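**Student:**
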Amino acid sequence: MHPRLLPYLLLLPAAFFLCVFFLYPFFLVAWQAFFTDAGEYTTEFFSEMLGHWKFEGALKNTLILTLIVVPIQTALALFMATLVSGMKKGRDIALYIWTIPLGISDLAAGIIWLAIFEQTGFLNSFLYTLGLIDQPQTFLGYQSKTTIFVAIVLAEVWRATAIMLVILVAGMGLIPKEYYECADVFGASRWKQFTRITLPLLKPSLQTALILRVILAFEVFAVVVTLGGTNLPVLMSEIYVWQFDLRDAHVAAAYAMVVLAISILCTLVIMWALRTPKEARI
Amino acid sequence: MAEINIKQVAKRFGKTQALHSIDLNVEDQEFLVLLGASGCGKTTLLRIIAGLETASDGEVWIGGKRIDKLRPKDRGIAMVFQNYAVFPHLTVFENIAFGLRMQKLDQSTIDKRVKRTSELMHIDSLLERYSGQLSGGQRQRVAVARALATEPSVLLMDEPLSNLDALLRMEMRAELKTVLAESKTTTVYVTHDQVEAMSMADRIAVMHEGEIVQSASAIEVYRDPATQFVGSFIGNPPMNFLNAKSSGNGEWNIEGLLLQGPSDRTAIQFAIRPEDLQLCGVKSSTESNTDQLIEPDKLHATVRVIEPLGSHKLASCKVGDALFRVVLDSDSSVSAGDVLALKPLPDRVRWFDPESNKAMA
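From first to last, the protein sequence lines stand for chains A and B.
Taking my numbering, I'd label the letters of the first sequence as residues 1 to 282.
Taking my numbering, I'd label the letters of the second sequence as residues 283 to 643.
1) Return the CA-CA distance between B:K625 and B:D310, expressed in angstroms with no decimal places.
2) Sort A:I104, A:E48, A:M80 and A:C266 by Cα distance to A:L95 and report the nearest one.
3) I'd like the list of long-range same chain contacts for B:H302, defined as Cβ closer than 7 angstroms, with 5 residues on each side in sequence excluded.
4) Put B:E533 into one of helix, strand or coil per three-state DSSP.
5) The alpha helix (DSSP H) that contains A:Q207, what's its start and end?
6) Who are B:C599's beta bridge partners in DSSP?
7) Quick one: is B:Y412 near chain A, going by C-beta distance under 8 angstroms?
8) What are the residues in the region 370-402 of chain B lying within 7 angstroms of chain A by C-beta distance?
9) Short of 8 angstroms in beta carbon distance, which residues of its chain neighbour B:S529, apart from the five on each side in sequence? Order them along the chain.
10) Whole-angstrom Cβ separation of B:G543 and B:H582, contact assumed at under 8 angstroms?
11) Within 10 angstroms of its Cβ, does B:A404 collect 16 or more other Cβ (buried), or is it exposed?
12) Can you tell me the Cα-Cα spacing of A:C182 and B:G333, whole angstroms?
13) Could you give the distance in angstroms between the alpha-carbon of B:C322 and the alpha-carbon of B:E285?
14) Quick one: what does DSSP say B:N525 is sitting in, helix, strand or coil?
15) Secondary structure at B:E493, three-state DSSP: helix, strand or coil?
16) Can at least three beta-carbon pairs, one atom from the region 354-361 of chain B and one from the region 422-434 of chain B, be found at a separation below 8 angstroms?
17) Where do the ends of the alpha helix (DSSP H) carrying A:C266 lie?
18) Please list the partners that B:I359 has in chain A, where partner means a Cβ-to-Cβ separation under 9 angstroms.
19) By a C-beta neighbour count over all protein chains shown, 10 Å radius and 16 as the cutoff for buried, is A:L268 buried or exposed?
20) Determine the chain B residues that contact A:A188 at a beta-carbon separation under 7 angstroms, and present them in chain order.
21) At the level of alpha carbons, what is the spacing between B:R607 and B:C599?
22) Using a Cβ-Cβ cut-off of less than 9 angstroms, list which residues of the region 346-358 of chain B approach chain A; keep chain order.
23) Near A:P136, which residues of its chain fall below 6 angstroms by C-beta distance, leaving aside the five closest residues on each side in sequence?
24) If I'm right that A:T208 touches A:Q73 with Cβ under 8 angstroms, what's the distance once you round it to whole angstroms?
25) Buried or exposed, going by whether 16 or more other CB atoms sit within 10 Å of the CB of B:G318?
26) Would you call the region 132-150 of chain A in contact with the region 221-237 of chain A, where contact means no fewer than 3 C-beta pairs closer than 8 angstroms?
27) With a cut-off of 8 angstroms on the beta carbons, I'd call B:M482 and B:R455 a contact; round off their distance for me.
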């Protein structure tokens, strides 16, 4: 056999697997969003989705949540990565500890934060013990959407910053030390070194981390459901509701298309915004 | 005025003593080369001057000001790195302007300086390019231009030519020498390449195991090495060393050759450069009797290998049990197995103390 064919042959099983379990269901979902059970093309499901009173809230909540969580995580991950990269000793230990939340499922993470915020939770007993409150407070009730929102942001930041951190630490490791020594000699302050050298040279890693994180942020589900229940609808929870409670796979598929569309759009924007000209690469 | 005074600078890395109490003065506008094998501490010393490394002991002064506690940027230095450290995300213009922007100079001054230094380094046509579009030699030029643009009082160079190919290195060597002579900047230049050191330096400081063993002009370091190490490190091929036996009254016997030398010693080493020997006779290996060739004013060397090197031939010989190299004329017809009768040029003979390995006056 021709040796040039071998790599393709080895890729075949994985490609086949992806086709059967990703591409095929994907087309099925897309089909369901645009075609009736009888096989006629229709925009009826999209109209139904758009016309539903929860759609706007779900879209808004998802976007605002992403817009708040991702910048916080990016800044935090950059800061932590800088700290870790500058460490001489204990670097690995710090990294292991900071990445512990990565090993926890998002549902478990949601439950952990629920245990903190619920009526008989840690926060209430803590405040009660300190004498700051007379009786347990309802933090996550339907009247306190802002608190639910803050709790979700906290849980998401706690849970998913580490994935960005890991990518950024790896990226910083690729920047030669000589650039910083050179910057030292030519008088660049720490902050200037960060903005003039680290950030531009970190663009490829930042790109990867952001795309990954933003797509995952659009798919936020378990944390929101555990902390907010139905009080704070997001796109993913609406898909669940339509699919399993309202038993309408077509509208659920339309929602899925929306998530796909904004994911693709954001990916393209991030790729464009953080592009590195070919000649300026390391 | 920007002379450098290094006073008893020492550096320890854990238990390793990288530098032993270095004293060194570099005059204003002098081009000093720190020469030594890898691991001898030359780069450490340079980095201490730059402020990228902190000395364990001692003081560094530049232009009459103590600077070893200052940050690199406050020392009035610029540096050219071994791997150039030309920023890949900046154009050549912005690379050269980097130091100037950090000093917050106004745009017209930056334009002027970048123009001047880029013309000086012949890269004025490349200003819009990125590092990835440059050859190694061009990157090197950018690194030098960036350093010169800040108009430093001291320029530090860490093996700047070691990543270039041989021909380009020779070209850059001559060019750097011209540019630096014109810029009148005090320069400390680190290299392990003795040819580079000898061709460029006003003065060479030879380093060995964390100490400066000799600091003198190129010709002096070559002719009068202060220690055996200098003699065998500098010069290609290196200096020849032979043990001498005393035959009384300051006369020494070197494998049959009798020479007058220092009289106050019991043991001594004779040393001579391979090109400082005069070939007085050749006894071919096919002739059986070599005894009649023995003369007390000649050294007798049995040729092992002949290497024709174009401009000359290098003969690796045996004198007694010791390896002995001789530079021969490229036309000479000597072949392996021949015995050479060699007469050392009297004023080029050097003597070393075998205990301290130091040269004897």
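Note that the Cβ used here is the ideal one computed from N, Cα and C, for glycine as well.
Since this is a predicted model, take the numbers as computed values, not measurements.
**Tutor:** On the basis of the supplied data:
1) Sequence index remark: in the second sequence, residue 625 of chain B carries index 343 (1-based). Sequence index remark: in the second sequence, residue 310 of chain B carries index 28 (1-based). Whole-angstrom Cα-Cα distance: 43 angstroms.
2) Here residue 95 of chain A is taken as the residue at index 95 of the first sequence, counted from 1. The residue with the shortest Cα to Cα distance from A:L95 is A:M80.
3) Position 20 of the second sequence holds residue 302 of chain B. Closer than 7 angstroms at Cβ, skipping near neighbours: A292, G492 and E493.
4) Counting from one through the second sequence, the residue named residue 533 of chain B turns up at place 251. In the structure shown, B:E533 sits in a strand (DSSP, three-state: E or B).
5) Position 207 of the first sequence, counted from the first residue, corresponds to residue 207 of chain A. Segment L199 to F218, the alpha helix (DSSP H) holding A:Q207.
6) For the purposes of this step, residue 599 of chain B is taken as residue 317 along the second sequence, with counting starting at 1. Bridge partners of B:C599: B:V585 and B:F606.
7) Locating residue 412 of chain B in the second sequence gives position 130, counting from the first residue. Cβ-Cβ to chain A under 8 angstroms: yes for B:Y412.
8) Considering only beta carbons, the part of the region 370-402 of chain B lying closer than 7 angstroms to chain A consists of P370, H371, F380, G381, M384 and Q385, in chain order.
9) Position 247 of the second sequence, counted from the first residue, corresponds to residue 529 of chain B. Apart from sequence neighbours up to five positions away, the residues of its chain that approach B:S529 with a beta-carbon distance below 8 angstroms are N535 and L540, ordered along the chain.
10) For the purposes of this step, residue 543 of chain B is taken as residue 261 along the second sequence, with counting starting at 1. For the purposes of this step, residue 582 of chain B is taken as residue 300 along the second sequence, with counting starting at 1. That belief does not hold up - the Cβ atoms of B:G543 and B:H582 are roughly 19 angstroms apart, past 8 angstroms.
11) On the second sequence, position 122 is the one that residue 404 of chain B refers to. Residue 404 of chain B is actually His in this sequence, not Ala. With fewer than 16 Cβ atoms within 10 Å of its Cβ, B:H404 is classed as exposed.
12) Taking the first residue of the first sequence as position 1, residue 182 of chain A is located at position 182. Taking the first residue of the second sequence as position 1, residue 333 of chain B is located at position 51. Just so you know, the alpha carbons of A:C182 and B:G333 end up roughly 11 angstroms apart.
13) Here residue 322 of chain B is taken as the residue at index 40 of the second sequence, counted from 1. Here residue 285 of chain B is taken as the residue at index 3 of the second sequence, counted from 1. The alpha-carbon atoms of B:C322 and B:E285 are separated by roughly 24 angstroms.
14) Your numbering for residue 525 of chain B matches position 243 in the second sequence. Under the three-state reduction of DSSP, B:N525 is assigned to strand.
15) The residue given as residue 493 of chain B occupies position 211 in the second sequence. It is a strand residue.
16) Yes: at least three Cβ pairs fall under 8 angstroms.
17) Position 266 of the first sequence, counted from the start, is the residue given in the question as residue 266 of chain A. Unbroken alpha helix (DSSP H) run through A:C266: A249 to A273.
18) As a first step, residue 359 of chain B must be located in the second sequence, where it is residue number 77. V185, listed in chain order.
19) Within the first sequence, numbered from 1, the residue matching residue 268 of chain A stands at position 268. Exposed.
20) Counting from 1 along the first sequence, the entry for residue 188 of chain A is found at position 188. Residues of chain B with a Cβ closer than 7 angstroms to the Cβ of A:A188 are, in chain order, M384.
21) On the second sequence, position 325 is the one that residue 607 of chain B refers to. On the second sequence, position 317 is the one that residue 599 of chain B refers to. Cα-Cα distance, rounded: 6 angstroms.
22) Against chain A - using a Cβ distance shorter than 9 angstroms - the residues of the region 346-358 of chain B are R353, P354, K355, D356 and R357.
23) On the first sequence, position 136 is the one that residue 136 of chain A refers to. Cβ within range, chain order: Q119 and N124.
24) Taking the first sequence and counting its residues from 1, one reaches residue 208 of chain A at position 208. Taking the first sequence and counting its residues from 1, one reaches residue 73 of chain A at position 73. In this structure A:T208 is not in contact with A:Q73, their Cβ atoms being roughly 14 angstroms apart against a cut-off of 8 angstroms.
25) Locating residue 318 of chain B in the second sequence gives position 36, where the first residue counts as 1. Residue environment for B:G318: buried (at least 16 other C-beta atoms within 10 angstroms of its C-beta).
26) Note that the region 132-150 of chain A touches the region 221-237 of chain A; at least 3 beta-carbon pairs, one per stretch, sit closer than 8 angstroms.
27) Indexing the second sequence from 1 puts residue 482 of chain B at position 200. Indexing the second sequence from 1 puts residue 455 of chain B at position 173. The pair is a contact, with the Cβ atoms about 6 angstroms apart (cut-off 8 angstroms).
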